[in-house]
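Enquirer:
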Amino acid sequence: MITLRPEGTAGVVRAYVENGDYNRLSLCKFFYSGPMFRAEKPQRGRLRQFNQLGAEIFGSEDPYYDYEIISIVDSIAKSVGIENYSLLLNSIGCRECRVVYTDKLKDYYKERFEKLCDDCKKRLDTNPLRLLDCKKENCRTLRDGAPVISEHICGGCGDHFSKVKGYLDKSGIKYKLDNYLVRGLDYYTRTTFEFTADNLGSQNAFAGGGRYDYLVEQFDGKPTPGVGFAAGIERMFLITENNKFEESGVDAYIIHTGGETLSRAVDLSLELRKSGISVDLDPETKGFKAQFKKAERERASFFIIIGDDELSEGKAAVKNQKTGEQQKVSFDEVALFLAGEMQK
Ligand code: HAM
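Counting from 1, position 120 in the sequence shown corresponds to residue 161 in the numbering used here; the numbering is continuous, with no gaps.
#1: Measure the Cβ-Cβ separation of residue 247 and residue 276 and say whether it is below 8 Å.
#2: With a 10 Å radius around its C-beta and 16 neighbouring C-beta atoms as the bar for buried, classify residue 391 as buried or exposed.
#3: Quick test of the definition: if touching needs 3 or more C-beta pairs under 8 Å, does the segment 71 to 79 touch the segment 89 to 102?
#4: Considering only heavy atoms of ligand 1, does any lie closer than 7 Å to the CB of residue 124?
#5: So within the segment 261 to 323, which uninterrupted alpha helix (DSSP H) runs reach at least 4 residues, ignoring any that extend past its ends?
#6: Report yes if the C-beta of residue 306 is less than 7 Å from at least one heavy atom of ligand 1; otherwise report no.
#7: If residue 104 sits next to residue 201, beta carbons under 8 Å apart, how far is it from one beta carbon to the other, in whole angstroms?
#8: Is the separation between the beta-carbon of residue 220 and that of residue 125 shorter than 8 Å?
#9: Under the rule that 16 or more other beta-carbon atoms within 10 Å means buried, what is residue 152, buried or exposed?
#10: Any idea what DSSP makes of residue 133, helix, strand or coil?
#11: For residue 80, which three-state DSSP category applies?
#12: Could you give the first and the last residue of the continuous beta strand (DSSP E) run that contains residue 233?
#13: Check whether the Cβ atoms of residue 344 and residue 336 lie closer than 8 Å to each other.
#14: Give the secondary structure of residue 209 by DSSP, where H, G and I count as helix, E and B as strand, and everything else as coil.
#15: Using DSSP's beta-bridge definition, name the partner residues of residue 128.
#16: Taking 7 Å as the cut-off, is the beta-carbon of residue 81 closer than that to any non-hydrogen atom of ligand 3?
#17: Bridge partners for residue 343 per DSSP, in chain order?
#18: Measure from the alpha carbon of residue 222 to the alpha carbon of each residue in 182, 235, 210, 211, then state which is nearest.
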């Protein structure tokens, strides 16, 4: 028998518990990516095998970490070029306040039992919150009159949720409150969220997550709160498939005149590569003109010129190809200078 994992969170929790990580560090942050498997009816954006990348934070119930997780997804969305997206946000309370709410929810739905779909009839006893998540039309209509969770969460959960919203407001991340966002997995407590894109059709969530303060103890670990997210890589591809990406080249191309200047260029290239800046140079050509041509062909964002004058001054001439600006920068400051420029 083999088991195909449907998601990453449970596996990360198991690994955390098995390795006793809570004995080592009070706060742990993990990330992962890889194939996941779900027995779904395949359709656009809904696959049986798909890839997720995700992150989990264990060891604190501080609302800052809910914000931190959400802000990671927000920056991933921006960096991969997703333009029109929404963040849906909810709090589904803790085990104390949820009992009160789910009792009310059960009473409401029991009175309307015959109108529910077969799945929801079964879920009413096992996980009544999931009824709010049902996509069937009848269940959707019934939902409109159901009690709403935000009116039932306890003071502690209300305060936690206000602080999460406070952090998001402060950082300018916009969100829409969605009372019905309970999410498809059963382990959530307090914050739940989903990122949806306008051009994805019905499978419009490209990332989702939330807090799960009891999952570690369900795996026999020491009670440890957790919060995390996972993003669907194929869905992010679908959203951005028509985006026009600028073809980018190497970050910097170093132009030299041979001899000592080549030796300086090689040293600088090592230094820049260590800082994560991609660099190219041609050790065989000495002529400026030919090297400029090569740098252009490689679409380098910055040309770094080291001639005899530059060598004696201890400074390289750095030209930003986008703005056309050129300035002299001390050899040992070039990496820092480029890193700053590349942020702009
Ligand atoms: P999830 O919402 O089930 O959450 O999945 C996260 C993302 O994976 C979805 O937003 C979607 O982009 C992608 N995805 C899910 N199912 C499919 C599918 N059948 N085909 C293509 N893409 C899919 C989780 O998995 C939780 N583990 C997230 C989490 C981490 N919560 C706390 N920590």
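Glycine residues also receive a C-beta, built at the ideal position from the N, C-alpha and C atoms.
Expert: Inspection of the coordinates gives the following:
#1: yes
#2: What the structure shows of the chain is the stretch from 42 to 385, and residue 391 is not part of that stretch, so it cannot be assessed.
#3: yes
#4: no
#5: 274 to 281, 300 to 315
#6: no
#7: 5 Å
#8: no
#9: exposed
#10: coil
#11: coil
#12: 230 to 238
#13: yes
#14: helix
#15: 236
#16: Questions concerning ligand 3 fall outside what the structure shown contains, since the ligands it does hold are ligand 1.
#17: 293, 361
#18: 235
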